[in-house]
């Protein structure tokens with residue numbers, strides 16, 4: 020059986036309903052009158068937004084949303100993923116151009132790949148680093164290039180713990196000495212002084228992002244990286260105030 024759905028132009032689309040028979044019906048290509056057609060050579064983001072503008076399922080996709088004091092112009096965002104396009108950890112043209120293409124396409128918010136906040140953890144030799152003041156120049160250039168666009172820019176702050184490499188090749192830091200699945204070597208169980216050093220590193224990295232004129236930070240606490248290692252009882256075997264029950268592991 021086929022049911023008809025109406026779209027804003029008055030034209031009709033046909034979608035297959037579920038059937039108990041073995042006959043398969045495939046979704047028909049939407050008629051051109053149902054949505055504005057983006058140029059074939061337009062950026063992927065433009066083609067996608069052109070599609071959802073006329074798709075009544077996504078009624079709020081292009082409306083603004085408030086996140087704290089930050090107004091996002093629409094609900095479309097580029098999630099954090101590491102492109103390894105920052106040689107030596109520094110922002111350059113390739114990195115900026117990738118985000119600028121998203122901005123030109125109408126994306127409301129972009130989140131950078133993980134920015135390493137401390138030399139004790141490096142995701143990749145070409146991964147972003149925000150662990151020292153030398154990173155501020157690139158962040159400012161990035162902010163200036165993004166300024167003409169309404170897209171909001173968030174920098175992800177990251178420490179890999181025992182699932183990251185160190186800048187000098189020494190053992191990685193973690194909540195306990197268990198090895199990570201990505202690096203595979205026993206970690207240094209962090210002392211309380213090292214924990215305090217990492218906390219301060221997060222703070223300083225966030226200040227660099229703010230000083231550069233970007234809009235915010237995202238703290239990466241998943242995917243088995245450092246903060247998740249402290250939260251996980253199977254990994255965190257500490258006997259001080261950073262181990263034990265959940266309140267301590269989340270300290």
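Residue numbers (my numbering): 20 to 270.
Quick reminder that beta carbons are idealized off the backbone N, C-alpha and C, glycines included.
When DSSP labels each residue in this structure, what does residue i get in the three-state scheme?
i           : result
residue 202 : coil
residue 110 : coil
residue 48  : Residue placement at residue 48 is flagged as unreliable, the pLDDT there being 48, under the threshold of 50; a coordinate-derived value is accordingly withheld.
residue 238 : strand
residue 209 : coil
residue 256 : coil
residue 84  : strand
residue 193 : strand
residue 233 : coil
residue 118 : helix
residue 224 : helix
residue 262 : coil
residue 243 : coil
residue 251 : coil
residue 153 : coil
Work out the CA separation of residue j and residue i for me, nearest whole Å.
i           : j           : result
residue 132 : residue 259 : 32 Å
residue 247 : residue 214 : 14 Å
residue 240 : residue 142 : 15 Å
residue 111 : residue 216 : 28 Å
residue 77  : residue 94  : 10 Å
residue 101 : residue 173 : 14 Å
residue 269 : residue 250 : 6 Å
residue 17  : residue 155 : As displayed, the chain neither begins before 20 nor continues past 270, which places residue 17 out of reach and without an answer.
residue 130 : residue 171 : 9 Å
residue 88  : residue 205 : 42 Å
residue 207 : residue 105 : 27 Å
residue 140 : residue 195 : 15 Å
residue 165 : residue 257 : 43 Å
Taking residue i as part of the alpha helix (DSSP H), name the residues at either end of that continuous run.
i           : result
residue 170 : No alpha helix (DSSP H) contains residue 170, which DSSP labels as neither H nor E.
residue 265 : 265-268
Mind checking whether residue i and residue j have CB atoms under 8 Å apart?
i           : j           : result
residue 126 : residue 228 : no
residue 180 : residue 191 : yes
residue 122 : residue 168 : yes
Going by DSSP, which residues form a beta bridge with residue i?
i           : result
residue 90  : 85
residue 148 : 135
residue 176 : 134, 238
residue 184 : 141
residue 128 : 96, 171
Would you say the beta carbon of residue i is closer than 7 Å to some non-hydrogen atom of the ligand MN?
i           : result
residue 227 : The ligand content of the structure shown is nil, which means the ligand MN is not present either.
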